Each structure stands twice: as C-alpha cells, then as structure tokens.
Amino acid sequence: MSDGLVAIVKRDCPTCVDVVPVLEELSLRGPGVTVYTQDDPSFPDSVETLIYDEDLEMSWHYEVETVPTLMFIQDGKEMARTVGWSRSHWEALTGVDDLGLGLPEMRPGCGSLSVDPNLADGLSLKFGSTALKSRRVEIATLEDEFDALFDRGWSDGLPVVPPTEERVARMLQ
C-alpha cells in the first residue's frame, strides 16, 4: 500500500457516496489520497488515484471493518485511522481544515465487504493463516456429490453436506 492518505470505500454505502466531494478535495488541494474501492472499479471516478480492491486483499490485510475508512500509511504501516465520517477526525488526520462543510458533522459508515459473512470464510482461507492440510477428494464432474459420499461409506443413509474449504475452516475454528 502506498504511503500517505488511503481511503477505502464502496459505492453501496451512502456515507461513502457523501464523502466523495471530500475525497476530491483531498485529491486536488490536500495532501493527496489513494482510494481503494471495494465494489465498483469506477467509484469514485473523480479522484486522481483510484485502485479497485477486487479481491479485497487490502481491506483484509488492513482489517477494514467499516467503510469509509481513512488511514495514514507510513513505510507500509498504518499510523492512524478513522472510520465513517467525522469532520473533526478527518481534519485531524489529514491536516486540512473545513472539510465537507455541506455534510453533517458525523455519519456512521457501512460494513466492509471484507467482513461480509458470505465472503469472510473464503477471504480467511485466501489471505489468512488458515491452511488445510488434509488430502483432497476429487469427484468427477458428472458424479453426484451426495451419491459419491454414500458410495464411499461416509454416510449412514442420512443426507450429508459435502465439505468445502470454507465449511471445514469454520468447523475447525
């Protein structure tokens, strides 16, 4: 991650949409800001440095739970952070006065995609320290998973849900 101010946002968050003028202002007259977007590679299209965090790697490694998140990065390490929109916190972090004068003094953010329950297990396997050490069982494309489990004696006749890496990792936690 580049040094300086870094914002992590997503279009599907009203607070992130509200702070776009602030990000534009920081990009143009302030110290500059690198914006990582989680859900739309063109949002916001009015900032100078925009990076699509498509696989959510940055959001995962920097443990972003709420968007917008504004961080100050130095030598690749996070030195300061604020989440959601708070004029006083953003001004203190950026060193720029009178930010977002048309906005309310404070607005909470939204949940980051990196903590979405539907994605978190997969991200943990992809980027985290969880590593499965068991052997993999290959099932032919045309073979029914449920029949294959029964044929191998892994069921007593009751339905068995085929394991996935995400399910196994969740079970082992």
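Numbers given in my numbering equal positions in the sequence shown, counted from 1, plus 1223. Where a beta carbon is used, it is the ideal one built from N, C-alpha and C, also for glycine. Computed from a predicted structure; not experimentally measured.
Query raised in the report: Which residues share a DSSP beta bridge with alanine 1303?
Result: Numbered from 1 along the sequence shown, position 80 holds the residue referred to as residue 1303. DSSP lists Phe1295 as partners of alanine 1303.
Query - 8 Å contact criterion, which leucine 1246 and alanine 1230 should meet: CB distance rounded - result: As a first step, residue 1246 is located in the sequence shown; it is residue number 23 there, counting from the start. As a first step, residue 1230 is located in the sequence shown; it is residue number 7 there, counting from the start. Sure, about 6 Å apart at Cβ, within 8 Å.
Query raised in the report: Can you check whether the CB of tryptophan 1308 is closer than 8 Å to the CB of methionine 1329?
Result: Reading the sequence shown from its first residue, position 106 is the one you call residue 1329. Reading the sequence shown from its first residue, position 85 is the one you call residue 1308. Yes; because the gap between Cβ atoms is below 8 Å, this pair is in contact.
Query raised in the report: Could you give the distance in angstroms between the alpha-carbon of proline 1327 and the alpha-carbon of serine 1311?
Result: Within the sequence shown, numbered from 1, the residue matching residue 1327 stands at position 104. Within the sequence shown, numbered from 1, the residue matching residue 1311 stands at position 88. So the two alpha carbons sit approximately 11 Å from each other.
Query - CB of threonine 1289 within 8 Å of CB of valine 1270, strictly - result: Here residue 1289 is taken as the residue at index 66 of the sequence shown, counted from 1. Here residue 1270 is taken as the residue at index 47 of the sequence shown, counted from 1. Taking 8 Å as the Cβ cut-off, threonine 1289 and valine 1270 do not qualify as a contacting pair.
Query raised in the report: Where do the N-terminal and C-terminal ends of the beta strand (DSSP E) with glycine 1227 fall, by residue?
Result: Numbered from 1 along the sequence shown, position 4 holds the residue referred to as residue 1227. Its beta strand (DSSP E) spans residues 1227 to 1232.
Query raised in the report: Counting along the chain, where does the beta strand (DSSP E) carrying valine 1258 start and finish?
Result: If you number the sequence shown from 1, residue 1258 lands on position 35. Here the beta strand (DSSP E) through valine 1258 covers 1256 to 1260.
Query - Top-ranked residue by Cα proximity to aspartate 1339, from Arg1390, Pro1331 and Leu1279 - result: Taking the first residue of the sequence shown as 1, we reach residue 1339 at position 116. Closest by alpha carbon: Leu1279.
Requested in this report: Give me whichever residues DSSP pairs with threonine 1238 in a beta bridge.
Outcome: Residue 1238 sits at position 15 when you count from the first residue of the sequence shown. Threonine 1238 pairs with nothing; no bridge assigned.
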